[in-house]
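Okay, so here's the structure we're looking at.
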Amino acid sequence: ERTWEVCASRWCITREDLDIFEDEVRQLWERGLIPEDPDHPDPSHSDPAIGPNIHQVCKHYIKPRTAEAGSTSWALMRHPEGLPCD
1 ERTWEVCASR
11 WCITREDLDI
21 FEDEVRQLWE
31 RGLIPEDPDH
41 PDPSHSDPAI
51 GPNIHQVCKH
61 YIKPRTAEAG
71 STSWALMRHP
81 EGLPCD
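Positions 1 to 86 (the working numbering) are the ones given, in order, by the sequence shown.
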């Protein structure tokens with residue numbers, strides 16, 4: 001796994017990466033592909049100013065995307081060699 005080959009201090013993202021993350025999550029959520037957890041209802045799930053909780057984002061966005069990329073972290077999926085953290 002690539003994740004363990006790069007020092008954790010380099011598992012960083014840029015502001016642009018964060019904007020991409022938010023946009024991709026928002027698109028999935030708006031299309032109903034990040035559903036509310038029926039076992040743990042979240043009153044903010046349908047609020048466009050708040051959206052889904054991180055547990056649902058991990059389950060329906062982060063885990064599938066990183067699995068497709070070889071089971072790495074989202075940060076290393078974006079920057080396989082890692083980035084220095086500020």
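Glycine included, each C-beta is placed from N, C-alpha and C at the ideal position.
Presumed contact (8 angstroms Cβ cut-off) between A69 and M77, rounded CB distance = Yes, A69 and M77 are in contact; Cβ-Cβ is about 4 angstroms, under 8 angstroms.
Run through DSSP, which three-state label would I50 get?
-> I50: coil per DSSP, three-state reduction.
Sorted by chain position, which residues of the same chain lie with C-beta nearer than 7 angstroms to A75's C-beta, five sequence neighbours on each side aside?
-> Only W11, C12 and I13 meet the Cβ criterion.
Could you pull out every residue in the same chain whose Cβ sits closer than 8 angstroms to the Cβ of L28, ignoring the five residues on either side in sequence?
-> Within its own chain, the residues whose Cβ lies closer than 8 angstroms to the Cβ of L28, once the five positions on either side in sequence are excluded, are I34, H60 and Y61, listed in chain order.
Can you tell me the Cα-Cα spacing of E36 and Q56, whole angstroms?
-> Roughly 7 angstroms between the two C-alpha positions.
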